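Report on one structure; see the data block that follows.
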Amino acid sequence: MSSTPLRYLQGYPPALVEQASALVLSGRLPDWLRERYPQRHAIRTDKSLYEYTLGIKQRYLKQSNALSKVVFDDRIDVLHQALGLHTRISRIQGGKLKAKREIRIASLFRDAPSPMLEMIVVHELAHLREAEHNRAFYKLCCHMQPDYPQRELDTRLYLTCLERFGPL
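Residue 168, in full-length UniProt numbering, is where the sequence shown stops; the numbers in between run on with no holes.
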């Protein structure tokens, strides 16, 4: 195993971490990811990200609160385990309390494979219904994206690859 831990894989079973570590130590992780995910998505603007997110929301979460903004954000710090953020901003306008909901996706996902961007969007959309990362939250994620656990793992491997080897 590597002398520096694979921080994005903390909490995963030791056998899986050992497999990932072997890919990293052998230098095969970038090739493995390129083979598994040969294409990048075409979503480059905040407007197209908003439309993409609304399409997923409309399909699975029609009754959930509206989103006022979905953007790529350069300020999200992936090193502190934040890949995206779901925020609720409450303001008083006149005599009414207005709530705005926003989703911010780390900018590094502009160049990521499509399934990884979808995983982040699904994760943040699930927070519209479930605030905590509990069983109901992950069940909702799997409803929207049946292979969510595998995509989450692959996204963590992608982040490890970026950290260790640079862009694909």
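For every residue, glycine included, the Cβ atom is placed at its ideal position computed from N, Cα and C. Quick caveat, the model's predicted, so the values are computed rather than measured.
Checklist entry - What does residue 72 pair with, by DSSP beta-bridge criteria? => result Residue pairing from DSSP places residue 72 in a beta bridge opposite 105.
Next on the checklist: Tell me the rounded alpha-carbon separation between residue 16 and residue 61.
Outcome noted: Their backbone Cα atoms lie some 33 Å apart in a straight line.
Checklist entry - Is the region 151-164 touching the region 92-104, taking contact as three or more C-beta pairs under 8 Å? => result A contact between stretches requires three or more CB pairs, one per stretch, nearer than 8 Å, and the region 151-164 fails this requirement with the region 92-104.
Item to check | Paired residues, beta bridge with residue 166 - DSSP | outcome: Per DSSP, residue 166 has no beta-bridge partner at all.
Item to check | alpha helix (DSSP H) segment containing residue 127, residue limits | outcome: Residue 127 -> no alpha helix (DSSP H), and no H or E assigned at all.
Next on the checklist: I'd like to know whether the C-beta atoms of residue 146 and residue 39 end up nearer to each other than 8 Å.
Outcome noted: Against a cut-off of 8 Å, the Cβ pair of residue 39 and residue 146 comes out as no contact.
Item to check | Inter-residue spacing [alpha-carbon to alpha-carbon] between residue 149 and residue 126 | outcome: Approximately 14 Å between the Cα atoms of the pair.
Checklist entry - Where residue 43 and residue 110 are concerned, what is the direct C-alpha to C-alpha distance, given to the nearest angstrom? => result Looking at the backbone, the Cα of residue 43 and that of residue 110 are separated by about 7 Å.
Next on the checklist: Can you give me the C-alpha to C-alpha distance between residue 105 and residue 64, rounded to a whole angstrom?
Outcome noted: Going from the Cα of residue 105 to the Cα of residue 64 covers about 19 Å.
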